[in-house]
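Below: the structure, in structure tokens.
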Amino acid sequence: MAEAIDIRALNELIERQSAFVTNLMTGMDQVIVGQKHLVESLLIGLLSDGHILLEGVPGLAKTLAIKTMASLIDSKYSRVQFTPDLLPADVIGTMIYSQKDEQFIAKKGPIFANFVLADEINRAPAKVQSALLEAMQERQVTLSKETFRLPEPFLVMATQNPIEQEGTYPLPEAQVDRFMLKVIIDYPKLEEEKKIIRQNISGEKVVIKPILKAEDIIEARKVVRQVYLDEKIEQYIADIVFATRYPERYDLKELKSLIGFGGSPRASINLALAARSYAFIKRRGYVIPEDVRAVAHDVLRHRIGLTYEAEATNVTSDEIVSKILNKVEVP
1 MAEAIDIRAL NELIERQSAF VTNLMTGMDQ VIVGQKHLVE SLLIGLLSDG
51 HILLEGVPGL AKTLAIKTMA SLIDSKYSRV QFTPDLLPAD VIGTMIYSQK
101 DEQFIAKKGP IFANFVLADE INRAPAKVQS ALLEAMQERQ VTLSKETFRL
151 PEPFLVMATQ NPIEQEGTYP LPEAQVDRFM LKVIIDYPKL EEEKKIIRQN
201 ISGEKVVIKP ILKAEDIIEA RKVVRQVYLD EKIEQYIADI VFATRYPERY
251 DLKELKSLIG FGGSPRASIN LALAARSYAF IKRRGYVIPE DVRAVAHDVL
301 RHRIGLTYEA EATNVTSDEI VSKILNKVEV P
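Residue 246 in the UniProt record's numbering is what sits at position 246 of the sequence shown, and the numbering runs on without skipping anything.
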């Protein structure tokens, strides 16, 4: 009975603290037509303190969505356009010699912001992509022998075109794993497309003003950590991730030859964090299996390594995740 009272109190707390989500979604809707999954994914990353990778063909409002969300929050925002001739120093900064002071001083790069948009991240060589690694994982940047902390909150939101496109460099596995979510952006629906046409030919510009402070996001993250995660849900999350490693244990022998490697413990952690944030967005103080299922594809699709057999038969990681979700017992 005591636990039921706690859950009720927690629900009331979440209901109060998550009111800003509606305002944020309304602000996004002023600029972004449709793309509900994209907007929710950006919110999940924001609340979970997890970096986001958006993949889709050009023109699907990936960059616009990220820029709009950053504009709704009173914080420092920077954008880096990744190109084949970009250098690591163009992202993280460098040490330059000051003749006036007769010493080296730090010239900080665009990574020193609350929200960093890494646009078309797979158009730059691996050495530039790797320059993001320390920053994304450690929340700090080392220039020469000096280490600089990055501001809080710190979130990298990257966009990329599908690998099949000409002039792209696949992200290293270690780099991809740093992203909490990999979100695949699809084309808008017919009615949404018509609305996009009307909105863009009208010539009217929507002025976005900040409705939140960076500190509000930090406080919201503390509340998200209080969302109740039952042991049965923990078991469910662990089972899903274990099924990517040992599919035969879950009566999924047919997947054994298709999976090169499964999700690491980081996959389990991120699945739990994302499910909590999803519950928060839905203004609920506890996680249910549907929350886990809602975020599973975005958390796992880039963490499953496919074998040559899978690639030869055109099996995708999304199809593997779907089969696992259909097979693993729901609590």
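Heads up, the beta-carbon is just placed ideally off N, CA and C, and yes, glycines get one too.
Values in this document were obtained by computation on a predicted structure and should not be read as measured data.
Provide the residue span of the beta strand (DSSP E) that contains L53, from first to last. H51 to E55
Among the residues of its own chain, which have a CB less than 7 Å from the CB of E40, if the five just before and after it don't count? If the five residues before and after E40 are omitted, its C-beta is found closer than 7 Å to the C-beta atoms of I281, all from its own chain and listed in chain order.
Hey, would you say R301 sits closer than 9 Å to D318, going by beta carbons? yes
V299: first and last residue of the uninterrupted alpha helix (DSSP H) it sits in: P289 to L300
How should L24 be labelled, buried or exposed, when 16 other C-beta atoms within 10 angstroms of its C-beta is the threshold for buried? buried
If we ignore side chains and look at the alpha-carbon of each, how far apart do K127 and V183 end up? K127 and V183 have their C-alpha atoms some 24 Å from each other.
Do V330 and P289 have their beta-carbon atoms positioned less than 9 Å apart in this structure? yes
Less than 6 Å between C-beta atoms, sequence neighbours within five positions excluded: which residues of the same chain meet that for A2? Low confidence applies here, because A2 scores a pLDDT of 39, under 50, leaving its location unreliable; read the following figure in that light. So the list is empty, once near-sequence residues are dropped.
Ordered along the chain, which non-local residues of its own chain (more than five positions away) have a Cβ less than 6 Å from that of L42? M69
Enclosing alpha helix (DSSP H) for K145 [first to last residue]: Segment: none, K145 is in no alpha helix (DSSP H) and carries neither H nor E.
May I have the straight-line CA-CA distance separating I92 from L117, to the nearest angstrom? 13 Å
Unbroken beta strand (DSSP E) run spanning I184, endpoints: F179 to I184
Terminal residues of the beta strand (DSSP E) in which K194 lies: Taken as a continuous stretch (DSSP letters only), K194 belongs to no beta strand (DSSP E), being part of the alpha helix (DSSP H) at L190 to I201.
Hey, how far is the Cα of Q175 from the Cα of R123? 14 Å
Nearer than 8 Å: is that true of the beta carbon of V299 relative to any heavy atom of the ligand ADP? This structure does not include the ligand ADP; it has no bound ligands of any sort.
Have a look at the DSSP bridge pairing and note the partners of V156. Under DSSP, V156 takes part in a beta bridge, and its partners are V116.
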